[in-house]
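Okay, so here's the structure we're looking at.
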Amino acid sequence: MLTPKEIKECPRDDHPRHENVSSQPLNRQKVFNEPHIITKGWYPFCKKTDIQKTQAKSFTLLSQRIVIFRTKDGTLSALDSFCPHMGADLGNGEVIGNKLRCFYHHWTFDQSGNLFEIPCQKYTKSQRPIKIRNYPVVEKYGFIWVFSDEVADHEVPHPPSFEGEVSSVHLKKVVLFAHHHVMMTNGIDLQHFQSVHNLDIKFDFNVIEKEPSVFTWVLSGEIPRTSLLLKIAHYILGGTFNYEVLFAGGSITSITYGINQKFRGRGFTLPPIHILWGASPLKEGVSAVDIFFITKNYPGLLGPFKKLAMHLFTFIVLAILKDDDIKAFPHMRYNVGNLTPEDASLAKFIQLTNQLETSLWTNNGQ
Ligand code: FES
Ligand SMILES: [Fe+2]
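Here is the structure:
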């Protein structure tokens, strides 16, 4: 495990893709790790408390500006930010009842982005209808998520082993200094468990494609008894460790550690640990991720303590696994020209990611 000093001294680099372009040309992909592309998926924009009733705010995701507003009755809407009249930023507008009014000349739009009225002018519905593109928006895990297309073909993922209500904690937002697809490969990079984490577990994996844009890796491996920690894990888990990694829309990854895991392999079911990462590309090749811990919403008097214990346990697991990885990402350009048969898990991820649909939010450099 890296020391705090080593973590602090890890290199941070914004432009790994502009280096060595002649001597080590990049093997460009259709979608995977392509910094200008936005896939059709859910993106975390802000905490739900950042937009109160009758507030509007604009946000930029790579090169797409989106206004989110909350109406008087609490409903959220997300629209392209620029007013179709002269292009004022609607984030500077005013929410009046359930409508958003542009600051500049008071054109007013409904929650779907339809032009509702033009003051000082007779606007009739028989005129060419004017509409701003609107996007699905939901509140989940204490955040506001916007889908990068007019129709969402999947939901913000719910933990596979938890039914109904869950308890979530937003740990923090982290800048990766790499594209988020690079981070997403980490949990299924089967070679790095040994090289980075010193965990000599050989995992078998099976890929389930639930929907065209949502796919899940189901992994299972025998726990070796090569250290005291691994001997304890072997005893508690009954010799086998199971986990699942879900990918949704090229922007969300979630890992469930210890899924369907019984005490000593045959006793009561152990509670799984669930972590979800929601990515936001910031600029070319640099993304941020919001990290969420999710646990069951335990009922009863002891519920709050159980939730806290699970969140603390999740934090410890993440700290053990992720601190080591932090050295891998900065400067990493992820050239995929020389994958080996041992990288089959990654090759499959790259293939599926390259099949994802791209959004109009993609930066075509115009
Ligand atoms: S720019 Fe929005 S109403 Fe004129
Ligand atoms: Fe790792």
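Counting in the working numbering, the sequence shown runs from 32 upward without gaps. The beta carbon of each residue, even a glycine, is placed where N, CA and C say it ideally should be.
- Supposed close pair L277, V320 - CB separation, criterion 8 angstroms: That pair is no contact at about 15 angstroms.
- Message: Suppose the cutoff is 6 angstroms on Cβ atoms and the five residues either side in sequence are ignored; what does the same chain contact list for V249 look like?
- Response: N237 and E275
- Message: On the criterion of 16 or more Cβ atoms from any shown chain inside 10 Å, does P150 qualify as buried, or is it exposed?
- Response: exposed
- Nearest neighbour of P312, chosen from F113, Q55, Y74 and D81 [CA to CA]: Y74
- Item | Residues of its chain near L230, where Cβ-Cβ distance is below 6 angstroms and the 5 sequence neighbours each way are ignored | F224
- Query: Should C114 be counted as a contact of ligand 1 given a C-beta to heavy atom distance under 6 angstroms?
  - Reply: yes
- Taking 6 angstroms as the cut-off, does the CB of N217 come closer than this to any heavy atom belonging to ligand 2? yes
- CA-to-CA distance, V126 to N394, given in whole angstroms: 29 angstroms
- Item | DSSP-derived helix/strand/coil call for F380 | helix
- Message: As an exercise, report each continuous beta strand (DSSP E) stretch of at least 3 residues that is fully enclosed by the region 244–303, in chain order.
- Response: 245–253, 271–279 and 283–288
- Message: Quick check on the DSSP output: the alpha helix (DSSP H) that includes V182 runs from which residue to which?
- Response: Unbroken run through V182: none, as it is neither H nor E.
- Ignore the nearest five residues each way along the sequence and tell me which others in N366's own chain have a CB closer than 8 angstroms to its CB. Q55, L57 and N58
- Message: Is the beta carbon of S192 closer than 7 angstroms to that of I290?
- Response: yes
- Opening and closing residue of the beta strand (DSSP E) in which Q95 lies: Q95 to R101
- Close Cβ partners of G122 (< 7 angstroms) along its chain, the five nearest in sequence each way excluded: A87, K88, S89, V98 and S112
- For the beta strand (DSSP E) holding S108, just list the boundary residues, first then last. L107 to D111
- Message: Pop quiz: H212 and T371 are said to be a contact at Cβ under 8 angstroms. What is the actual Cβ separation, rounded to whole angstroms?
- Response: That pair is no contact at about 19 angstroms.
- Query: Going by C-alpha distance, which of V168, E194 and E196 is nearest E186?
  - Reply: V168
- Message: Using 7 angstroms as the threshold, is the C-beta distance between L207 and S376 below it?
- Response: no
- Item | Residue nearest to L391 in terms of C-alpha spacing, selected from A264, F178 and F324 | F178
- Got a sec? Which residues, its chain only, sit under 8 angstroms from G296 by beta carbon, not counting five neighbours each side? L268, G269, G270 and T271
- Could you tell me which residues DSSP pairs with S318 in its beta bridges? P312
- Message: Give the list of continuous alpha helix (DSSP H) stretches no shorter than 4 residues that lie fully inside the region 325–366.
- Response: 334–356
- Query: Roughly how many angstroms lie between the CA atoms of M32 and F346, to the nearest whole one?
  - Reply: Unreliable placement is indicated for M32, whose pLDDT of 43 sits below 50; the coordinate value is still reported in the next sentence. The alpha-carbon atoms of M32 and F346 are separated by roughly 15 angstroms.
- Message: Buried or exposed, going by whether 16 or more other CB atoms sit within 10 Å of the CB of F174?
- Response: buried
- Please classify D374: does DSSP put it in a helix, a strand, or coil? helix
- Could you name the residues of the same chain whose beta carbon sits closer than 6 angstroms to that of L100, not counting the 5 residues immediately before and after it, in chain order? As written in the sequence, residue 100 is Phe, which differs from the Leu given in the question. Within the same chain, F100 has close Cβ partners A87, S108, V126 and L131.
- Task: Just tell me which of L202, K338, S226 and T300 has its CA closest to the CA of A350.
- Result: L202
- Item | Proximity below 7 angstroms, CB of H228 to CB of D355 | yes
- Helix, strand or coil at H305 according to DSSP, with G and I counted as helix: strand
- Message: Does the beta-carbon of C151, which I'm using as the reference point, lie nearer than 6 angstroms to any heavy atom of ligand 1?
- Response: no
- Item | Which of helix, strand or coil DSSP assigns to N394 | coil
- Query: Using a threshold of 6 angstroms, is the CB atom of D235 nearer than that to any non-hydrogen atom of ligand 2?
  - Reply: no
- Message: Per the DSSP calculation, P478 is bridged to which residue(s)?
- Response: Residue 478 lies beyond the range of the chain shown here (32 to 397); nothing can be said about it.
- Message: Assuming V126 is part of the beta strand (DSSP E), what are its boundary residues?
- Response: E125 to I127
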